[in-house]
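The next block holds one structure in the form of C-alpha cells; read it before the comments.
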Amino acid sequence: MSNQLEEEDGIDLKKIFMELADKWHWIGVGIVTCLIISFLYILYTPPSYQINARVLVNDDEKAGGLAKQAGALMDLGGLLGGKNSVDNEAEILKTRFLMEQVAREMQLNIVYARKSNFVKRELYQAPFRLDFIKGVDSIKKTQIEIQKLPSGKVKIVSNKLEKEINWNDTFEIKNVGTLQLLPVNGLSMDNGTFVVTLNSIDERVADLMKMLSVGVSNKQVTIIDLGLAYPVPKKGEDILNTLIKKYTEANLSDKNAIADSTGKFIKQRLQVIASELGDVEGEVKQFKQKNRLADMTEQGKVLVQSTSEFSTELAKAETQVSILSDLEKYLQDENKNKRVFPTSLLPQDMVFSGIMNQYNALLIERDKLLLSVTDSSPLIKNLDGQVAEMRAGILANIVSTKNTFVLTRDKLRKQLDKAEGQISAVPEIEKDYLKLARNQQIKQELYIFMMQKAEETAISKTANISIAKTIDPPKAAVIPISPKKTIVYLAGLIAGLVFPILTIFGLNFLNTSISTKQDITNLTSVPIIGEISHNLSDDNLIVANQARSAISEQFRALRTSLSFYLKNKDEKIILLTSSMSGEGKSFTAINLGNILALAGKKVLLMELDLRKPGLSAKLGVSNEIGFSNYTIDSTIKVDHIVKPLSINKNMFIISSGPLPPNPAETLMSEHTPALIEELKKQFDYIIMDAPPIGIITDAQLLSNYADVVLYLVRQKITQKNQIAIVDDLYRSKKMKNIGIVVNDIVSKAYGYGYGYGTYGEENKQKGWLSKVFKK
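Number 677 in the numbering used here belongs to position 684 of the sequence shown; there are no gaps in the numbering.
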C-alpha cells in the first residue's frame, strides 16, 4: 500500500445528500432566480397562436377534358420517386415560391408593433402605413420608432436618423430606401410609441417558413393539414388563406397549361390557314371571272358527283398531314421543348395518345419541382432525360402517322385523276376549276377543324377547377401555444435545481482542500481524535468565556480522547503541529489547555514556534523574555520564563522570547532536555505550540519530547496532498502517537451526522441573511 490510501469505489449517496443539504441556500437562490427569469420570459415574450386549416385534394378523375389530361397522370410514382399525389401537393404547399408570393402580396416584410413597458406587440392593423417609394436591392433589417407628437407631427427614430415629419412626407433611411408615411383611414393614432421592422423578403419568407407546418396525417385520405404559429391570430389566419389561394392559383395554372398551349398553337395556325384560304378563294373568284364560268355543264356536274367522296376523303387526309407536320415542327423547335404538347389536335385513333399524356404530365411536374429546386437539381436532370426520350418516341410516331396519311392522300389524288380522265367530255377549263375548288374545300375543312378545336379548348379551360378544396378554413386557437406557462415555470424550476447542483459538484470536483471527514480517512490511516467547529466570533478564549458552548464541548471530547493516549502519569507532553500556518494551532493550544485546567490540572503552554510566534500575542502576554532567552543565558532560571495566565489559575505560559537567528539550533540547545524534565515535574500537562511541519523540521525535533502529537487539519484550508505528510510520519514512525484534530468545521457535509452547531447560538440569534449567506 502506498503512502496515500485509495479512495473507495462507488457513489456515496448519503455524502452527496449531505453536501447538497449544506448548500441548500444555493439551490434556493437558484430556484428563485430561475423562476424570476421564467416570469420575465413569459412577460416579455409575445404569445404565439396556432392557426390550423385542412385542404382536400380532389380525385382528378372527377375533372374532364383537358383538365383530365393534365391531372390524370400526375401521380407518376414509378417515374418520380414513389410519392403519391397528395404528398406531392403537400410538398408544393411548403415551397418557398408560394410563401414568397404571400409575403409580397401582404407586404409581410413590414411588421408593425406597439411598444409598451419594454414589450413590443405586433399589430395587424396599425393606424399608419409605410410605403416604399424607392427601395434598395438588399434591405438590411431595420427598426423604426414612430411616435405622434402633440403638435400633430410624427417623430421618426432609426439608427442615426431622428427627425420630425408631417403625414404623407417622405424620408430616407440608409440601406433601406425612401419611405412615405401615410395615415390609415378610420384608425386614430395615439401618442404611444410604435415600432416598424423592415426586412428583406428573403429573410421574412425564411422566418415564415419556420412557422409553417404541412403534413398528411392520414395516408388513407387525400387531406392536407396546414399549421402556422403566429403571434397575431387574425393575421395568421389571413396568411394561411392567402397561401391556400396562391396554391389554388398555381394549381389552376398547371391545369390550364395544356389548354393555353393548345389555344396558342391553334391561334397561330388559324392565322396562317385563314391567309391561305383567302388566297385560294381569291384565285377561284379570279378564275371564274377570267373564264366567265357562270354554271357548270352537265358533264362537269357528273364529274363533281363521281369524285365528291374522293374529294372529301382527300380533304381529311390533307388536313391531318398539315396538322401532323405542324406538330412535328412544334416538337422539333428547341424553344418549345419545355412546353406541354397540344394533344387534342392528334387523331383520335393514335395509339400513342397515352404517351402524350404522360409527356405533358412530366412537363407539368417539372414546373412544380422548379418551385423549390434549380435546373441543376438531380430530379430535374432525371426528368429532362425522360422528357427527351419521350419526345424522340413521339416524333417518330408522328412522322410514321404522317407518312400513313401522306400515302392515303397520294392514293386519293391518283383516284381523282383517274376518275377525271374517264369523263373526257368535260372541258379542261372546268377541270382546272374543280381542282381550284377542291383546294379551297381542303383549306375550308382545315379552317373549320381548327375553329372547332379552338372552341373545344376554350370550353375545356372554363371547365377546369382546382384539385384543392378548403374543408376547414384557417382558424386560430384561443389559447396561445407558446410560451406555455406550465412548461416554462417547470423548466425554470428544473434549471434552478440543476444549475446550483452542477455548480456544487463542479466546485467539489475542482476543490483540492479537505472538505469532509471521508476526504481524510480516504487519504490516511491516522485516527481523527478531535473535531472543532467554526468560531463565528473573534474571541480566542472560547472555553474560558463560553464554557457551555458547542466548541467547549468539543474540546471536552478532545480531552477525553487524549486520556486514552496519555495513560501514565509520566506522559504529559502534547505537541501541536500542522501542514502550514493558519490552521489553528494557537487557538487549539489555548482552549485545550483551558479545558485541561478546568479539570484541576496544572497546564503549561510552550510557545515554541520560534519563526512566527502568535500564542503570547493572542493571550496578551509580554514576549520580552522566554524560551530563546533561557537557551542562551544560563543566568535565567525556569521561574523567570514561566508566566501565569489570568484566564485560569492553573494555566501558565512560556513565550518564545526574542526571535533567534537559528530557530532549529535553538530548539536543539543542550538546555532544552533539562528544561523539559524540570517542567514535567511542575506541571500535569505541557502543550507545545510547534511550527508547521510541512517545510521545516522544528516540529520533528520537538516530537522527541512529545508523548502525543496532535496534527491540525483545517477544513477548506488544508490541501488534500498535505495529508500525505502526516500519513508518512505515521507510517515511518517518525512521530509516535499521532492523532488528527479537524479544526474550523463549517459544512454539515463534513461528516455523517455531524451536528455540533456553531459558537454563539446560545447568546446571539443570527439574522436570516446571516443564516443563508454565512453557511
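Beta carbons are placed, not taken as given, at the ideal position from N, Cα and C, and that holds for glycine. Computed from a predicted model, the values in this text were never measured in an experiment.
query	result
Residue 770 to residue 186 span [Cα, whole Å]	One cannot answer for residue 770 here, as it falls past the ends of the chain, which runs -6 to 768.
Simplified DSSP assignment, three categories, for residue 54	Summary for residue 54: the model assigns pLDDT 41, below 50, so the residue's position carries little reliability; its value from the coordinates is reported in the next sentence. Here residue 54 sits in helix by DSSP.
Alpha helix (DSSP H) runs wholly inside the stretch 604 to 684, at least 4 long, in chain order	608 to 612, 620 to 625, 631 to 634, 656 to 660 and 665 to 675
DSSP state of residue 600 mapped onto helix, strand, coil	strand
Sufficient close CB pairs (3 or more, under 8 Å) joining the stretch 164 to 173 to the stretch 213 to 229	no
From 102, 632 and 713, residue whose alpha carbon lies closest to that of residue 117	102
Rounded separation between residue 711 and residue 570 - CA only	13 Å
Rounded separation between residue 50 and residue 462 - CA only	6 Å
Under the three-state DSSP convention, the category residue 225 falls into	coil
Residue 13 versus residue 208: straight-line alpha-carbon distance, rounded	48 Å
Spatial neighbours of residue 595 in its chain, beta-carbon cut-off 7 Å, leaving aside the 5 residues before and after	643, 676 and 677
Same chain only: Cβ atoms within 7 Å of residue 79, ignoring 5 sequence neighbours per side	50, 209, 215 and 217
Host alpha helix (DSSP H) of residue 513 (start-end)	510 to 514
Rounded separation between residue 466 and residue 255 - CA only	35 Å
Bounding residues of the beta strand (DSSP E) (the contiguous stretch that carries residue 34)	Run containing residue 34: none in the beta strand (DSSP E); it sits in the alpha helix (DSSP H), 17 to 37.
Among 628, 607 and 181, the one whose alpha carbon lies nearest that of residue 648	607
Which of helix, strand or coil DSSP assigns to residue 433	helix
Per DSSP, cross-strand counterpart(s) of residue 576	Per DSSP, none; premise fails for residue 576.
Selected residue, minimal CA-CA separation from residue 504, among 382, 108, 709 and 389	709
Inter-stretch contact (C-beta, 8 Å, three-pair minimum) for the stretch 659 to 670 and the stretch 608 to 618	no
Limits of the unbroken alpha helix (DSSP H) element including residue 558	543 to 558
Residue 488 to residue 479 span [Cα, whole Å]	14 Å
Helix, strand or coil at residue 739 according to DSSP, with G and I counted as helix	coil
Minimum C-alpha distance to residue 149 - residue among 138, 524 and 528	138
Expected contact under 8 Å - CB spacing of residue 567 and residue 703 to nearest Å	6 Å
Status (buried if at least 16 other CB within 10 Å, exposed otherwise) for residue 261	exposed
CA nearest to the CA of residue 774, picked from 582, 352 and 519	Here the chain covers residues -6 to 768 and nothing more, so residue 774 does not appear.
Coil, strand or helix - residue 564 by DSSP	coil
Same chain, Cβ closer than 7 Å to residue 372, neighbours up to 5 away in sequence not counted	362 and 366
C-beta atoms of residue 323 and residue 258 nearer than 8 Å	yes
Beta-carbon spacing of residue 443, residue 266 below 8 Å	yes
Exposure label - residue 680; buried when at least 16 CB within 10 Å	buried
Extent of the continuous alpha helix (DSSP H) run through residue 479	478 to 503
Per-residue burial, residue 94 [other beta carbons within 10 Å of its own, 16 or more giving buried]	buried
Outcome for residue 74 when other beta-carbon atoms lying within 10 angstroms are tallied against a minimum of 16	Caution applies to residue 74, whose pLDDT of 36 falls short of 50 and renders its modelled position unreliable; the model cannot decide the point.
Where residue 318 sits in the DSSP three-state scheme	helix
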